[in-house]
Amino acid sequence: MTSRQSNPVSLVSQWFIRHGCVEQVLSALPAYVQEVMEEPGTLIYLVHAPLPENNPNPLLQSLPPAVRPSLLFFEEYAGEDAFLAHVKGPAFTAFVDKYGQCFISSDGHPYNTVTFLRREQGFIRGLDSRSPQAEQIGSLNRHPAVMFEIIAKDQEQSKAFYSEVFGWRYQNGGSGFAYVHFPLQLRTLLGGIGQSESGVPGMEPGHSFYLLVEDLQLAIDRALAAGGSPHMPITSVDGYTFAMIKDPEGNPVGLLQAV
1425 MTSRQSNPVS LVSQWFIRHG CVEQVLSALP AYVQEVMEEP GTLIYLVHAP LPENNPNPLL
1485 QSLPPAVRPS LLFFEEYAGE DAFLAHVKGP AFTAFVDKYG QCFISSDGHP YNTVTFLRRE
1545 QGFIRGLDSR SPQAEQIGSL NRHPAVMFEI IAKDQEQSKA FYSEVFGWRY QNGGSGFAYV
1605 HFPLQLRTLL GGIGQSESGV PGMEPGHSFY LLVEDLQLAI DRALAAGGSP HMPITSVDGY
1665 TFAMIKDPEG NPVGLLQAV
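Each residue of the sequence shown is one higher than the one before, starting from 1425 at the first, in our numbering.
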């Protein structure tokens, strides 16, 4: 079978809701979008409705006037295969089967406009900070780091430390392993291999992981207050700002400043 992973597929589509069906459609969206979130190749799935006609802010008036009631979808998929997996998948198929009659139809199917897009310029803050060279190289790399684990001498103490510093909550597995689940992320993943430097904190032989934080100094302060210790001071290299602390058992933990 031929794979069509190619470049990301982006599109906008507009669906026109029948009068009298608005509440039914809007109430169905949360569960539907939750199902779409389970599709690994669906990267962005945003559903918008026009602001109300009686919107009092004169600066926020649609030009030309928006078609109401309607929904505007912005979607991005990892590739053509991912796009086809969505439109032929159980979430989209079930939504159309159940709520298709709520939209203005054509030939027995919901009538909607679709425009496929090609990005010429622009950015998504927090996602597009990489250089063009990094983007090109990153598109060729496979096998990203997608899991870490901390094997603690005192599991309960370590769980309490990471909950205090980072707000983690845990799901206990059958073997007693405490899983840390994170929300679906659109952020690109980063890794690297460096040369060890004797006597330089954070550059010892071995491996480490970095956690994304909004405020480096605040995260460091929380770690110290919870029984951790400083390891590597705040440093900036190649556009990245980071630091390292150690947990109460001495395990190094990197902290990466969110862009």
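Beta carbons: idealized from backbone N, C-alpha and C, even for Gly.
Contacting residues, own chain, Cβ-Cβ under 7 Å from residue i (five flanking each side not counted)
i     : result
Y1594 : K1583, A1602, Y1603, V1604
R1442 : C1526, F1527, I1528
V1624 : none
Y1634 : F1666, G1678, L1679, L1680
E1580 : none
F1590 : L1635
F1498 : V1436, I1468, L1470
Residues near residue i in its chain [Cβ-Cβ closer than 6 Å; skip 5 each side]
i     : result
T1426 : Residue placement at T1426 is flagged as unreliable, the pLDDT there being 46, under the threshold of 50; the coordinate-derived value follows with that caveat. Result list for T1426: empty, nothing under 6 Å.
I1658 : L1640, A1667
Candidates the options, of which the one nearest residue i by Cα
i     : options                    : result
P1654 : L1679, L1636, D1639, T1665 : L1679
M1571 : L1614, E1580, L1564        : L1614
H1567 : F1585, G1616, S1486        : G1616
N1675 : S1599, S1660, I1575        : I1575
S1606 : W1592, G1600, S1599, G1597 : Correcting the residue identity first, residue 1606 is Phe in this sequence and not Ser. That would be W1592, whose Cα lies nearest to the Cα of F1606.
S1563 : G1503, L1483, S1632, S1599 : G1503
P1432 : E1500, G1630, V1446, Y1586 : E1500
Q1448 : E1573, E1621, K1522        : K1522
Neighbour-count burial assignment, residue i, 16 or more Cβ in a 10 Å radius
i     : result
T1466 : buried
D1671 : buried
E1544 : exposed
A1569 : exposed
Q1429 : In this prediction, Q1429 scores a pLDDT of 46, lower than 50, which makes its location untrustworthy; the coordinate-derived value is nonetheless stated afterwards. With fewer than 16 Cβ atoms within 10 Å of its Cβ, Q1429 is classed as exposed.
A1506 : buried
H1533 : exposed
H1510 : buried
Y1535 : exposed
R1547 : In the sequence as presented, Arg is not what sits at residue 1547; that position holds Phe. Per the 10 Å Cβ criterion, exposed.
V1661 : exposed
P1524 : The displayed chain sequence assigns Gly, not Pro, to residue 1524. With fewer than 16 Cβ atoms within 10 Å of its Cβ, G1524 is classed as exposed.
Other residues of its chain near residue i: CB distance less than 8 Å, five sequence neighbours each side excluded
i     : result
V1457 : Y1469, V1471
G1618 : M1627
In DSSP terms, what residue i is bridged to
i     : result
Q1681 : V1637
V1436 : F1498, T1539
M1668 : M1656, G1678
S1529 : P1534
T1466 : Y1501
Q1595 : Y1603
V1471 : F1497
T1441 : Looking at the sequence shown, residue 1441 is not Thr but Ile. In the DSSP output, where bridge partners are listed per residue, I1441 has F1527.
V1491 : Partner(s): none; V1491 has no beta bridge.
Closer than 8 Å: residue i CB and nearest the ligand ATP heavy atom
i     : result
V1624 : The ligand content of the structure shown is nil, which means the ligand ATP is not present either.
Counting beta carbon pairs with one atom in the region 1486-1494 and one in the region 1537-1547, are three or more of them shorter than 8 Å?
no
If contact is defined by three or more beta carbon pairs under 8 Å, each pair taking one atom from either stretch, is the region 1470-1483 in contact with the region 1516-1536?
Contact between the region 1516-1536 and the region 1470-1483 is absent, because fewer than three Cβ pairs lie under 8 Å.
For the 8 Å Cβ check, are there 3 or more pairs between the region 1627-1646 and the region 1657-1676?
yes
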